[in-house]
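Novice:
Numbering (UniProt numbering), first residue to last: 1 to 1250.
The structure is reproduced here in structure tokens:
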């Protein structure tokens, strides 16, 4: 626990969770009772009476005298000591019952659900804590870093503690210096044993140590090791020779383990002057009782010790090998071989001085072998004295007898004033998860534990009890689990007591510092900061068997009462330590409260509130860097507001200059690529649309600059310079491009990216925590609402009219027309298949095209994997049967039959279908090609005549494709200004003179927005601020860049909206295709100019722009199904954008190509629900967003989502119409309000300091 004053934490961000009592279910209460029972079971095994089975390790200096009074015996596989104070553990039969009870708990459905929920909350809470305090943690200073802080490699095998290069160098050295040293015996053909030198042995084996390479060494783990423990064990054979392993890597050989000791001394030498400590593992097999004495004598003889090492003794689970053919050899005999020497040395250390001395440097015992071996995982097996079968006992059997004998041994040694031992077995590396259950009852800590991920109950229990896990991800990667699938990071975030260890450097590591290699790769893989690594290192010290006095040297004095001094020493920050301690305390309180009704009502964790709340408290002062970012965010939101509102009437109508007595008429004149409103006298009298700049007194005519040049070449007339004033002032192009460049620079700012990244992820974690805490309450509240999701209004805010139907709809109308009117002339004066025809009937056209197969396969309009990232191939899917002329005939308004077939598809199929689906509305997009001044009026008249103005179900969007370059190459336009004129002049004329353009005026009343679609992956040049090319002068073959298109569309729309607003007509929103692919800065142009955008995929990763879009509540119409079809390799960010509070909705884009059903928007929601794991409330919120983003009139929106929908927070939510519980809206509002309050406080405090 931390001893630091709570005042210390006022400079940090923190959060508290107040849980609603109503969120607690009877199932969870029952589950918590079961959890408390199994927590009590572990205590039963960790304590015998009031004594710890695994006491803390302390230094012992007193002289130990022989014990002459007690007797030692073994009974049913467990040693007994007849001495007062020596405790005896739980019996074998009780252990089997407890083990079975624990397994039952692990499989209890309610307990599993609760454990999963608790682990998820722990994971989310850590991420939120980390994000809130990551910036502050970086400012902490200390002389220590990850290289200098103490860390213990608590799981490393002595026989593999060196790296392969160290072993190779050692072999080369011995080949040079010790060729003639006798290393063993060889048996001759006559059966005679003969001494053999190293050189002779190598020659006999055919091994040349001098030329040995790392590859020939053969110890490095290969891909063939995966799930092959047998091959891993075989890798210890140097060069594939077991004899070389015996000579170099074993204690028991002719030389008494000399070479092995020298190798370990090399490793020990590397420990000097480093903060790394080891717990090397040596093996005792249980074959005979003299193994202990032999091992101790090897350590003593070769002085194999180091103050920075403690020994761990591993017992390989090889009873069946030790038994061999000895039918009377029982498991009790095996236990006798393992433990009797230890009891004897404890009883009479003077009789066994070498062993007694060695045991002082032993910290504990391990249990090793292949866990994946097939075995019985549960059952009433015979006790140890009765087990004489040839097969190996199962894991849980070994665990009990190892634990029980260590418990007695520790109790005996404690009464004798001697050091004690831990049990930290290999467990959960592979094999059955039940191994982890037996270790939960019996072990102080474990090695590996990665299989915990399979059992949420055990994982949660390991967290609550803080059982240490020494995980070796590099070892696991080669043997059982790829590194990227390692649960280590998940365990760490949840707060399990995890550390990193190397296991077998000989096989798995390449550097000379294997433990640091583990830390380095973990850091690179999981983006750990120093504080994370420091916590892992801190855990390793706690898990180790070093004494408390040694741990104080490593962690600082009184480390259990953690203070700033300990923090400086370990680099584990106080805020992190306090967070971990509080989390564990809260979790224990949570289980206690749920399991006791009385405690529940009194618990500080719960309150009688409608839903669980997360309250974030920010510090009073932000960092200077953060404050500067906030100021800039505020500035850019103000800039966006300028673009949204800056269209002021700067000139009222006045009498004309040339006709002072006439009533002034407003006209739209074109200048610099933008229309504006002037009096009639400002219009060029020759071309009738450009702004007049001169008045020729001889011609008595007003001219624009272009017309004047054309008509007065070498003619000199008397001129009057005109200075016609525009009516509406707007943001000019120089200002826009300057703002755009400045915004892109801000986007690239490191502090801004960091700050916005943090805030975005805080929002994600808050949402996920909210969802985790309130999922059931929210679902229940939604159930009580009178409207469900299916009844809510959903708008398909982005769908192209000529691709809005199902392929079978298109196929059906083609068949119908071929049957009903095969002789109708549908093509006039066109070239088809290289031949010019004056006319072609429908039947003749299909014959000329060679189309005989009329089915879906031949229609070939649906997407397939070959289209991914191929916009060119995607466009080819527009062509039914692969023929462009059929697209023109059936899917276009510009054809020789006046778009009749497309109108029929829309009216008779789509609109009729929508009338049946009362809750789905659409915003069909129609492309205006931009190459023809009269096109817009032409097809809008056809839509009106066809009865396709149906404002109750559809609002149109005029799409202005970014394809100037195509028209220029075809000679259809001369410059970019003509593109703009072709779109906007008809709109202005129909606005100012609706009687002259009645059908276009009628159509424009049913238009809600403008779009600008096209491919975004194309290369674009940037705009030079010093020499901006005006649209009249953009006459080259290349397309203008994206931001250029957006500005000039925005500018013309701004003036158009200004005059329409004055005339009390409907106005339009700008909702361009933006951020589907390509340059991410397209979204910057959209931020300045757009009301909302479609797609927005590239906002993912653009921390600054994404946060600005959220703060500005800029809507996004996302089409995940279409996005996947066209850009399948890109991750769809819909879920994360939604979590963070983006105003985002679902839309279909191109159902003809991408959707399977005839209800494409419903299909989109169903797909999103599955792929993004959305709840019904999530879907309802997305549906509401679709109405908010849409361009339907205010009256419609009030009818669909509530009279007060425009108000903020709960006041704007009519849950009876939206099916969104008020608690969801309140949560969204609270997140934004907490941020705003913090920012305002930081800005205020900073200003006061100034």
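Note that beta-carbon positions come from the ideal geometry of N, C-alpha and C, so glycine has one too.
#1: Kindly indicate which residue of 1061, 1161, 263, 775 has the alpha-carbon position closest to the one of residue 918.
#2: Drop a sphere of 10 angstroms on the beta-carbon of residue 167, count the other beta-carbons inside from all chains shown, and report buried for 16 or more, exposed for fewer.
#3: Under 8 Å Cβ to Cβ from residue 1100, same chain only, skipping five residues before and after it: list those, please.
#4: In this structure, does DSSP put residue 366 in helix, strand or coil?
#5: How long is the line joining the alpha carbons of residue 1246 and residue 618, rounded to whole angstroms?
#6: From residue 1009 to residue 605, what distance separates their C-alpha atoms?
#7: How should residue 1206 be labelled, buried or exposed, when 16 other C-beta atoms within 10 angstroms of its C-beta is the threshold for buried?
#8: DSSP three-state call for residue 47: helix, strand or coil?
#9: Residue 1052 and residue 984: beta carbons closer than 8 Å?
#10: With DSSP as the reference, label residue 939 as helix, strand or coil.
#11: Over what stretch of residues does the beta strand (DSSP E) that includes residue 311 continue unbroken?
#12: With a cut-off of 8 Å, do at least 3 Cβ pairs link the region 174-182 to the region 562-578?
#13: Compute the beta-carbon to beta-carbon distance between residue 1047 and residue 733, rounded to the nearest angstrom, for a pair I have assumed lies under 8 Å.
#14: According to DSSP, is residue 114 part of a helix, a strand, or is it coil?
#15: According to DSSP, simplified to helix, strand and coil, what is residue 1235?
#16: Give me, in chain order, the residues of the same chain whose beta-carbon lies closer than 7 Å to that of residue 1251; leave out the 5 immediate sequence neighbours on both sides.
#17: Against chain C, does residue 809 count as a neighbour if the rule is that its beta carbon must be under 8 Å from one of theirs?
#18: To which residues of the same chain is residue 484 closer than 7 Å at the C-beta, ignoring the five residues directly before and after it?
#19: Taking residue 272 as the reference, which of 148, 716, 1152 has the closest Cα?
#20: In angstroms with no decimal places, state the Cα-to-Cα distance between residue 1019 and residue 1040.
#21: Alpha carbon to alpha carbon, how far is residue 432 from residue 415?
#22: Could you spell out where the beta strand (DSSP E) holding residue 683 opens and where it closes?
#23: Using the Cα positions of residue 1252 and residue 1095, report the straight-line distance between them to the nearest angstrom.
#24: Rounded to the nearest angstrom, how far is the Cβ of residue 536 from that of residue 491, given a contact under 8 Å?
#25: Among all the DSSP beta bridges, which residues are the ones paired with residue 615?
#26: Rank 355, 929, 33, 896 by C-alpha distance to the C-alpha of residue 110 and give the top, closest one.
#27: DSSP beta-bridge partners for residue 279?
#28: Contact between the region 1060-1068 and the region 1016-1035 is defined here as three or more beta-carbon pairs at a separation below 8 Å; is this criterion met?
#29: Residue 249 lies in the beta strand (DSSP E); which residues open and close that run?
#30: Return the first residue and the last residue of the beta strand (DSSP E) that residue 352 is part of.
#31: Which residue comes first and which comes last in the alpha helix (DSSP H) that contains residue 533?
#32: According to DSSP, is residue 304 helix, strand or coil?
#33: How is residue 927 classed by DSSP in three states: helix, strand or coil?
#34: Leaving out five residues on either side along the sequence, give the residues of the same chain with a beta carbon under 6 Å from the beta carbon of residue 18.
#35: Using the Cβ count rule (16 or more neighbours within 10 Å means buried), how would you classify residue 430?
#36: Between residue 528 and residue 268, what straight-line distance do the alpha-carbon atoms span, to the nearest angstrom?
Specialist: Looking at the coordinates:
#1: Looking only at 1061, 1161, 263, 775, the smallest Cα-Cα distance to residue 918 is reached by 1161.
#2: Classification for residue 167: buried.
#3: The answer, listed in chain order, is 1106, 1131, 1133, 1136, 1137.
#4: Looking at residue 366 - three-state DSSP - the assignment turns out to be strand.
#5: Cα to Cα, the separation comes out at about 15 Å.
#6: One C-alpha to the other measures close to 50 Å.
#7: Looking at its Cβ environment, which holds fewer than 16 other Cβ atoms inside 10 Å, residue 1206 is exposed.
#8: Residue 47 falls in the strand class under three-state DSSP.
#9: Cβ atoms of residue 1052 and residue 984: closer than 8 Å.
#10: DSSP places residue 939 in helix when its eight states are reduced to three.
#11: Under the DSSP assignment, residue 311 falls in the beta strand (DSSP E) whose first and last residues are 309-316.
#12: No contact exists between the region 174-182 and the region 562-578.
#13: About 6 Å separates the beta carbons of residue 1047 and residue 733, which is inside the 8 Å limit, making them a contact pair.
#14: DSSP places residue 114 within a helical segment (H, G or I) once states are collapsed to three.
#15: Three-state result, residue 1235: helix.
#16: Lying outside 1 to 1250, the shown extent of the chain, residue 1251 is not represented and no answer is given.
#17: In the structure shown, chain C does not exist; there is a single protein chain.
#18: So the list is empty, once near-sequence residues are dropped.
#19: Per the Cα distances, 148.
#20: Whole-angstrom Cα-Cα distance: 10 Å.
#21: Going from the Cα of residue 432 to the Cα of residue 415 covers about 38 Å.
#22: Segment: none, residue 683 is in no beta strand (DSSP E) and carries neither H nor E.
#23: Limits of the chain in this structure are 1 at one end and 1250 at the other, which puts residue 1252 out of reach.
#24: Not confirmed; about 11 Å, so no contact.
#25: Looking at the DSSP assignment, residue 615 forms a beta bridge with 16.
#26: Taking each of 355, 929, 33, 896 in turn and checking the Cα distance to residue 110, the smallest one comes out for 33.
#27: When beta bridges are read from the DSSP output, residue 279 appears opposite 310.
#28: Cβ pair count under 8 Å is below three, so no.
#29: DSSP places residue 249 in no beta strand (DSSP E) but in the uninterrupted alpha helix (DSSP H) bounded by 242-249.
#30: For residue 352, there is no enclosing beta strand (DSSP E), since its DSSP letter is neither H nor E.
#31: Bounds of the alpha helix (DSSP H) holding residue 533 are 530-543.
#32: Coil at residue 304, not helix or strand.
#33: For residue 927, the three-state secondary structure derived from DSSP is strand.
#34: Around residue 18: 607, 613.
#35: Classification of residue 430: buried, given that the 10 Å Cβ count is 16 or more.
#36: Rounded to the nearest whole angstrom, the CA to CA distance from residue 528 to residue 268 is 29 Å.
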